Structures are given as C-alpha cells and as structure tokens.
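Below: one structure, written as structure tokens.
Protein chains in written order, with the working numbering: chain A, 165 to 271; chain B, 41 to 228.
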C-alpha cells in the first residue's frame with residue numbers, strides 16, 4: 165500500500181511542479197491530468213486496502229473509491245475538452261501562447 | 041522502524057512486489073519526462089506511456105474495468121485530443137534560454153521536495169501497518185469480485201444513479217461549451 169501511495173504522491177508533486185514551471189499551456193494541462201491521475205490512484209489504493217465502512221448499502225460498501233475514480237475521469241474529460249477549446253480560442257487571437265504573458269484577465 | 045514488516049513473505053508476494061515496483065518506477069520516470077521534456081510532443085508521448093503504466097498498476101490493484109477505462113479514455117481519447125491540438129497549433133519547443141533568467145524551477149523543486157517529505161512522514165508512516173487487502177477478491181462465494189465490470193456496473197446503476205446522471209449532464213454542457221468556444225466568429 166505504501167508503494168502505491170508513494171507513486172501517487174510523487175506523480176502529484178511532479179505534476180504540481182510542472183504546472184508552476186512550464187510555460188506552454190498545453191503542457192500545463194498535461195500536468196493537471198497527471199495530478200488527477202495521481203489522485204485516482206490514491207482513491208483506488210484506499211478502496212483496495214482500507215475501504216470506508218460508512219456507506220450503509222451493503223452492496224456498495226467496497227465500491228465508493230471506484231465510483232469516485234469514474235466520476236473524476238468524466239470530469240477530467242469535460243475539463244480537457246473545454247480547456248483545449250479555450251487554448252485554441254486564445255491562440256486564434258494572439259499567435260504567442262505563453263502562460264506568463266496572458267495577463268489580460270488580471271485586474 | 042522494521043523494514044521486514046513491509047516485505048512479502050512468500051514467492052507470490054515477491055513477484056507482485058517486483059512487478060508493481062518496476063511499474064511504479066516507470067510511472068515516476070515518465071511523469072518526470074512530462075515535465076522535463078522541452079518539446080510538447082515529447083511530453084505528450086511521455087504522458088501516454090505514463091497512463092499506460094497507470095492502467096497496469098490499476099490491473100495489479102484488481103480494478104480491471106478501471107484499468108481498461110484508463111486505457112480507452114485517457115490514452116485513447118484525451119491524449120489524442122492533446123496531440124491533435126499540439127499538431128494544430130504547431131507548437132514549437134520552449135526556448136531553454138528563457139528558463140535561465142529566473143529561479144522558478146529551483147524554487148518549485150525545493151518546495152515540492154519539502155512538502156513531499158512532510159507529507160510522506162505524516163501520511164505514509166502510519167499507513168505502513170496496513171498490508172492486507174480488505175476489498176473482496178473474486179472467489180466462489182463472491183463470483184463478481186471487486187473490480188469486474190459486473191460489480192462496478194451494478195453499483196453504478198443502483199447506488200450511484202444520481203451522480204451518474206449529473207455526470208452525463210456535465211458532459212453535455214462540456215460538449216456545448218467546447219463547440220461554442222471553437223466556433224469561428226461569423227463576421228458580416
């Protein structure tokens with residue numbers, strides 16, 4: 165269990181460092197995906213090794229983590245579709261795509 | 041702290057540890073590759089490898105349906121979308137000379153390592169005692185097991201119908217939103 169959690173934690177922090185360091189918005193999105201997958205792995209590990217006894221439905225007791233992973237995947241798919249659409253829209257306005265230079269929304 | 045408590049006791053356990061350990065190393069290496077590669081297309085291919093490795097880690101956890109879903113959804117759909125956008129935008133590699141002028145990568149690395157160490161000592165240390173799998177494996181008393189399509193589907197359509205429908209609504213809104221964003225403005 166510790167091995168799985170260590171992998172998940174490393175992936176999450178590599179992704180977080182990538183979001184801070186990289187300038188290309190597409191790569192920043194990839195790092196966000198990396199973090200989401202790390203969280204998915206944590207959900208699955210806990211669902212496998214230490215499932216929650218809090219759910220009263222008898223047939224759902226072991227499945228809460230897997231359900232959450234499915235929902236995270238769906239949300240990630242929607243997020244990628246919308247986010248890449250935004251990047252395309254920004255690229256249409258200005259040719260240079262750099263996160264540090266996108267400051268038109270700051271107050 | 042006794043390291044022997046973490047090690048498996050039988051041959052089967054050693055094989056499992058070896059497979060999962062090599063998969064974990066590959067996952068971490070490809071994750072580093074996503075951040076470290078300069079060109080976006082190499083980052084994307086590294087991420088594809090990472091998702092494949094994660095799918096096999098899911099298999100080793102016994103979640104068969106989620107491993108297959110990981111391959112289909114992430115490496116099949118999301119990464120193709122990423123590669124498509126990279127090709128469409130014709131993104132070039134970052135200029136490495138830009139990175140030398142500030143210390144952001146160094147700060148990010150130091151802060152990440154410090155938080156990683158804190159969390160590892162705070163979270164991982166108490167969890168070392170949990171070595172036993174609690175979720176029910178497939179056996180003669182429980183034929184559908186834990187991560188099989190039957191088990192997941194049964195739970196998804198009984199106890200989790202309401203969030204499932206909400207997810208479908210969210211995906212619909214995502215489709216409409218991305219079409220609206222990608223639509224070319226009609227100028228008269």
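We put the beta carbon where it would ideally sit given N, CA and C, even for glycine. None of these values were measured; they are calculated from a predicted model.
Here residue 251 (chain A) has 189 as same chain residues with Cβ atoms under 6 Å from its own Cβ, once five neighbours each way along the sequence are excluded. Under the three-state reduction of DSSP output, residue 202 (chain B) falls in the helix class. By the Cβ neighbour-count rule, residue 233 (chain A) is buried, with 16 or more other Cβ atoms within 10 Å of its own. With fewer than three CB-CB distances shorter than 8 Å, the segment 155-164 of chain B does not count as touching the segment 191-209 of chain A. Judged by DSSP in its simplified three-state form, residue 194 (chain B) adopts helix.
Nearest Cα to residue 208 (chain A) within the set B:92, B:98, B:80, B:129: B:98.
The contact set of residue 209 (chain A) on chain B, defined by CB atoms closer than 8 Å, consists of 101 in chain order. Residue 70 (chain B) counts as buried, since at least 16 other C-beta atoms from the protein chains shown sit within 10 angstroms of its C-beta. In the pairwise beta carbon analysis, the segment 80-90 of chain B is classified as not touching the segment 52-59 of chain B: fewer than three pairs are separated by under 8 Å. For residue 171 (chain A), the nearest beta carbon of chain B is closer than 8 Å to its own beta carbon.
With fewer than 16 other Cβ atoms inside 10 Å of its own Cβ, residue 124 (chain B) counts as exposed.
The Cβ atoms of residue 169 (chain A) and residue 158 (chain B) do not sit closer than 8 Å to each other. Ranked by how close their Cα comes to the Cα of residue 237 (chain A), the residues B:128, B:129, B:95, B:101 have B:95 in first place. As the crow flies, the alpha-carbon of residue 108 (chain B) is around 33 Å from that of residue 223 (chain B).
One finds 188, 190, 191 in chain A with Cβ atoms closer than 7 Å to the Cβ of residue 80 (chain B), taken in chain order.
DSSP, read as helix, strand or coil, puts residue 186 (chain B) in coil. A:206 is the residue among A:184, A:206, A:193 whose C-alpha sits nearest the C-alpha of residue 174 (chain A).
Judged by their CB atoms, residue 64 (chain B) and residue 74 (chain B) are not nearer to each other than the 8 Å cut-off. Assigned with DSSP and collapsed to three states, residue 101 (chain B) falls in coil, not helix or strand.
Around residue 61 (chain B), the beta-carbon contacts reaching into chain A at under 7 Å are 167.
The criterion of a C-beta distance shorter than 8 Å is satisfied by residue 191 (chain A) and residue 182 (chain A). Residue 105 (chain B) is a Cβ neighbour of residue 189 (chain B), given a cutoff of 8 Å.
Residue 186 (chain B) and residue 102 (chain B) do touch by the CB rule: their CB atoms are close to 6 Å apart, below 8 Å. The DSSP assignment places complete alpha helix (DSSP H) segments of no fewer than 4 residues inside the segment 166-198 of chain A at 166-185, in order along the chain. The C-beta separation of residue 194 (chain A) from residue 122 (chain B) comes to about 6 Å, placing the pair in contact by the 8 Å criterion.
DSSP places residue 77 (chain B) in no alpha helix (DSSP H); its state is neither H nor E.
Using a Cβ-Cβ cut-off of 8 Å, residue 197 (chain B) does not count as an interface residue toward chain A, since no Cβ of chain A sits closer than that to its own.
The distance from the Cβ of residue 155 (chain B) to that of residue 177 (chain A) is about 7 Å, consistent with a contact at the 8 Å cut-off.
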